Amino acid sequence: MDPREPMPKQEASERIKNFNEVALGYTEEQARREAERCIQCPKPLCVKGCPVDISIPEFIKLIVEGKYTEAARKIKEDDILPRMTGRVCPQEDQCEAQCVLGIKGSPIAIGRLERFVSDYEAENAEIEAPPVRAKKNKKVAVVGSGPAGLTVAADCARMGYDVKIFEALHKPGGVLAYGIPEFRLPKAIVGCEIEALKEMGVELECNVIIGRTITVEQLFEEGFDAIFLGLGAGLPRFLGVEGENLLGIYSANEFLTRINLMKAYKFPEYDTPINVGKKVAVIGGGNVAMDSARSAVRLGSEEVHIIYRRSRQEMPARNEEIENAEEEGVIFDLLVNPIGFAGDGKGWVKSVKLIKMELGEVDDSGRRRPIPIKGSDFFYDVETVVVAIGQKANPILLDATPEIKKNKWAYIDADGETGKTSMKGVFAGGDIVTGEATVIAAMGAGRKASRAIDEYLKTGKW
Ligand code: FAD
Ligand code: SF4
């Protein structure tokens, strides 16, 4: 069996000096060779692994025939943001994990092919705005412009509804804009997708916090007939240990927002600075931790450590991103957990107090539980710390709207199939319902909710 085509990348020694995209994308020849490996299964398991059921064999066949633009449009029937999902979806756990070729060899590089055709369409063909059906004279408000909100906006606009997106930040895109760094997802791509939505007639208003600037009730009073909440899970979690308020300790959320949204890496050309010391410790083992560590490397830190309480096997980050971080010189300190921070007497962090861990039985998360080893604590000098141990729901809108029921984790209690909440006319989906998940899962939830919104607005039945 032919091997899988490797992804061309910027050399590690070069890329640590810039924020440009690391993966360079397949050439046409590579894409054709990779597509030709697909055996066009009559019952394609890869599609079962895709949360939005992309017609994978069909779009791969179009690549073999050299019909790249048609292939991109085939994907867009199910996934409105293929340039983004082709780059950031965890395909190795989804479509590619199911591909039959993976049983004896390497699965088809479905994500890389998706990226190739959608980039090809953007660079070589007129991006075709999807047809918009006859106007229905009904208004849909979308709160939040992450992948869930963008999907609902696109779907509802296509169905003929008047759609307006309200976004709290000064730029749209949610995590795609403020979280995932430029070197994994260029912001120009996010901008292009937002422009495409505006061309479909979708209105966008930034710097509006629903629940504070205006309320959900006021949106109904202003004439919106249905509301979709795609608020994400943007509130950082902290460790809750002594010394965590010292200067030089950032939440990953603030650290990445300063870099991505405020362009701190271009300071003083842009207003917002970021202060990174020579030795940086990033706490956590997920994608957010890898993004933070790799950003710190690019900002010129001499030593960047990932501090994770389990072993590498349990790390939730994508393998590809762990490997990229290793190639870029990030040092992995595994089976250690922070239990406090000490200051330098002037308010800045000087060291982190760590304790060694060992792995016990498998816990509810399906991973082995980390257990502290008594008396094994020690201090470790650092100049900057980034806490990347997860996010939770931002309470602003939900506190102002008690009619919307929450679950025990303070996320919205919405129906998994329709996104209906406990408040009539209000739907929700994405991370604000499931907790931190993935871009494609948020888009899948958005698709289900838009179908339910259409049904509700057509029938009036709740
Ligand atoms: P979000 O993308 O969080 O968007 C929510 C938006 O709503 C935000 O813009 C927010 O400002 C806005 N908002 C919130 N409250 C209000 C309000 N009251 N009024 C107005 N606007 C409001 N997933 C992957 O699949 N692959 C990856 O590689 C990956 N890497 C990640 C890296 C980082 C650093 C982070 C943080 C997450 C990553 N994820 C990744 C997860 C993925 O980005 C999220 O699951 C996804 O973005 C969730 O989409 P969403 O639309 O639900 O919310
Ligand atoms: Fe092609 Fe793999 Fe899907 Fe079969 S499972 S159709 S080989 S991508």
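Residue numbers for the sequence shown follow this note's numbering, so the first one is 2 and each next one is one higher. Glycine is no exception: its CB is placed at the ideal position from the N, C-alpha and C atoms. Bear in mind that the values here come from a model prediction, so they are computed numbers and not experimental data.
Beta-bridge partners of residue i, as assigned by DSSP
| i | result |
| --- | --- |
| SER352 | ALA343, ASP382 |
| SER252 | VAL388 |
| ARG313 | Answer by DSSP bridge pairing: none, since ARG313 is not bridged. |
| ARG369 | VAL363 |
| VAL331 | Answer is none; VAL331 lacks a bridge partner. |
| PHE428 | PHE229, LYS421 |
| ASP414 | The partner list for ASP414 (beta bridge, DSSP) is empty, contrary to what the question assumes. |
| PRO237 | GLN392 |
| ALA24 | LYS10 |
| LYS165 | ALA142, GLU204 |
| ILE57 | Answer is none; ILE57 lacks a bridge partner. |
| HIS306 | ALA282, ILE332 |
| GLU243 | GLY341 |
| LYS406 | In DSSP, LYS406 forms no bridge with anything. |
| ILE215 | ILE211 |
| MET358 | PRO373 |
Sub-8 Å separation of residue i and residue j beta-carbons
| i | j | result |
| --- | --- | --- |
| SER340 | LYS354 | The identity of residue 340 in the sequence shown is Ile, whereas the question assumes Ser. Yes, the pair counts as a contact, with Cβ atoms nearer than the cut-off. |
| ILE210 | LEU220 | no |
| ILE307 | PRO182 | no |
| VAL118 | LEU46 | no |
| GLY286 | PRO317 | yes |
| GLU115 | PRO108 | no |
| GLY192 | GLY175 | no |
| LEU205 | VAL144 | no |
| GLU222 | ALA13 | no |
| GLY445 | VAL53 | yes |
| TYR179 | THR258 | yes |
| GLY301 | VAL386 | no |
| ASN325 | VAL23 | yes |
| LEU236 | LYS393 | yes |
| MET424 | GLU456 | no |
| ALA155 | ALA290 | no |
| LYS264 | CYS207 | no |
| LEU336 | LYS357 | yes |
| GLU304 | ILE332 | yes |
| ILE57 | ILE111 | yes |
Rounded straight-line distance, which links the Cα of residue j to that of residue i
| i | j | result |
| --- | --- | --- |
| THR152 | ILE323 | 29 Å |
| ALA297 | GLY161 | 45 Å |
| GLU384 | ASP226 | 52 Å |
| ASP80 | GLY87 | 10 Å |
| ARG310 | ARG5 | 34 Å |
| LEU247 | LEU170 | 26 Å |
| LEU458 | GLY426 | 9 Å |
| ARG370 | SER312 | 10 Å |
| ARG84 | PHE380 | 44 Å |
| ALA72 | GLU59 | 8 Å |
| LYS140 | VAL164 | 6 Å |
| LYS280 | ASP382 | 8 Å |
| GLN92 | GLY348 | 44 Å |
| LYS68 | ASP94 | 28 Å |
| ALA189 | GLY346 | 43 Å |
| TYR1 | VAL283 | The shown model of the chain, from 2 to 463, leaves out residue 1, and the question about it has no answer. |
| SER27 | PRO9 | One point to set straight first is that residue 27 is Tyr, not Ser, in the sequence displayed. One C-alpha to the other measures close to 7 Å. |
CB contact check: residue i to chain B, cutoff 8 Å
| i | result |
| --- | --- |
| ASP400 | The structure shown contains no chain B; it is built from a single protein chain. |
**Item:** At least 3 beta-carbon pairs within less than 8 Å: the stretch 33 to 53 vs the stretch 63 to 79
**Value:** By the criterion of at least three beta-carbon pairs nearer than 8 Å, the stretch 33 to 53 is in contact with the stretch 63 to 79.
**Message:** Three Cβ pairs or more, each shorter than 8 Å: is that satisfied between the stretch 409 to 426 and the stretch 443 to 462?
**Reply:** As far as the Cβ criterion goes, the stretch 409 to 426 touches the stretch 443 to 462, which means the pair count is three or higher.
**Message:** Pairs of beta-carbons, one from the stretch 111 to 129 and one from the stretch 402 to 417, closer than 8 Å: are there three or more?
**Reply:** Too few Cβ pairs lie closer than 8 Å, so no.
**Contact between the stretch 195 to 205 and the stretch 394 to 410 (3+ Cβ pairs under 8 Å)** = Segment contact: the stretch 195 to 205 against the stretch 394 to 410, fewer than three CB-CB distances shorter than 8 Å; contact not assigned.
**Request:** Would you check if the stretch 236 to 244 and the stretch 363 to 380 touch, i.e. whether three or more CB-CB distances between them fall below 8 Å?
**Result:** With a cut-off of 8 Å, the stretch 236 to 244 and the stretch 363 to 380 do not count as touching, because too few Cβ pairs lie within range.
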